[in-house]
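> In the numbering used here, each residue's number is its place in the sequence shown (first place is 1) plus 51. All C-beta atoms, glycine included, are put in the ideal place defined by N, C-alpha and C.
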Amino acid sequence: MTNDPPMHRTVPSSLDVGRLHDEHTETVDGAAVDGNIHVGYWDSAADDRSLNQATDRLTDLVAGRLAAAPGQRLLDVGCGTGRPALRIARATGARVSGISVSNEDIDLARTRADAAALADRVDFRYADACALPFEAASFDGGWAIESMMHIPDRTTALTEIARTLRPGSPLVITDVLLRSPVTGDAAETVRQTCRAFQSPSFPEPAELRTALDRAGLEVVEFNDIGEHVRRTYQAFADSFDDVAPSADDPHYEFFNSTRSLPQFGALPQIGYVFLVARRL
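This is the structure:
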């Protein structure tokens, strides 16, 4: 029995998450990740990829599971500033529609699409994953890179995503994973990280599987690749090392939290899910 307080007292809304991204987009986007606001993947301890290269590697793993063909249409749920969508569109020849609840992200993603001469095949728009502005069976596949952590009602979001996928289409999800419950100091570290990143909670394996099942999505692959991405947390902390906002800065909590990312990433209870599901 533990006397630890509940993990999350306040559930952020989609607007809360959007405001967080709007406030930090420019700084985060330029901090050594060049548009990839997600973890990197390293094959082994000997893998000497940079953070930039490792984040692209994760995107490529997602693209490989989508197995998209030229002309097919893909959905990017939580597109960030657009680099994964552009990379996957370029690699596969598919058309991509990306959504975000951050206007700043969308503006930057559109600028990137124009600069890459891909605006005719890649579009970005403001939309909530729980109320997608697309017709049923519009897409041949989709992905959500570190989006589930920001969504309070994951079952509703996954049901809505599934609605827009054609039967048999793949959905690839990658996200921070809470492998097992945390208590004491570990629970406080997780609470602080959730609060800083406007996450209601980090997904747990059973929760994800249940939400996928209720959404009509069959799990094809469910892997915890936590040890392959753990290096990211220190790399991100190093990227923000020179950022020192004052205590009255509205960005203070977010940037101060980056200093504890290595501690968060070192927790054995923190993993990272890479799953592939299929619309039934």
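1) Since G219 is in the alpha helix (DSSP H), which residue starts that stretch and which ends it?
2) For E197, which residues from the same chain have a beta carbon less than 6 Å from its beta carbon, with the 5 sequence-adjacent residues on both sides left out?
3) In terms of residues, what are the limits of the alpha helix (DSSP H) holding S290?
4) Taking the DSSP output, what are the residues bridged to N274?
5) Measuring only the C-alpha atoms, how far is R176 from T162?
6) Please state if the CB of D191 and the CB of Q123 are separated by a distance shorter than 7 Å.
7) Do A140 and L169 have their C-beta atoms closer together than 7 Å?
8) Spatial neighbours of F253 within its chain, please: C-beta separation below 6 Å, excluding the five flanking residues on both sides.
9) How far does the alpha helix (DSSP H) with H115 in it extend, from its first residue to its last?
10) So, are the CB atoms of G144 and C130 less than 7 Å apart?
11) Which first and last residues belong to the alpha helix (DSSP H) in which F253 is found?
12) Is I276 near F325, with beta carbons less than 7 Å apart?
13) Tell me the rounded alpha-carbon separation between G267 and V294.
14) Would you please state the rounded distance, in angstroms, between the beta carbons of V147 and D127? I believe it to be under 8 Å.
Put simply:
1) In the DSSP annotation of this structure, G219 is not part of any alpha helix (DSSP H), being labelled neither H nor E.
2) Sequence-distant partners of E197 (beyond 5 residues in either direction) whose C-beta falls short of 6 Å from its own C-beta, in its chain, are H89, D226.
3) Here the alpha helix (DSSP H) through S290 covers 282 to 290.
4) In DSSP, N274 forms a bridge with F325.
5) Rounded to the nearest angstrom, the gap between the Cα atoms of R176 and T162 is 13 Å.
6) Closer than 7 Å, so yes.
7) Yes.
8) For F253, where only same-chain residues beyond five positions count, the Cβ hits under 6 Å are M200, V227, L229.
9) Looking at the sequence shown, residue 115 is not His but Gly. Residues 102 to 117.
10) Taking 7 Å as the cut-off, the beta carbon of G144 is found no closer than this to the beta carbon of C130.
11) Following the DSSP letters along the chain, one finds F253 in no alpha helix (DSSP H), marked with neither H nor E.
12) Yes.
13) C-alpha separation (whole angstroms): 44 Å.
14) Right, the Cβ-Cβ distance comes to about 6 Å (below 8 Å), so this counts as a contact.
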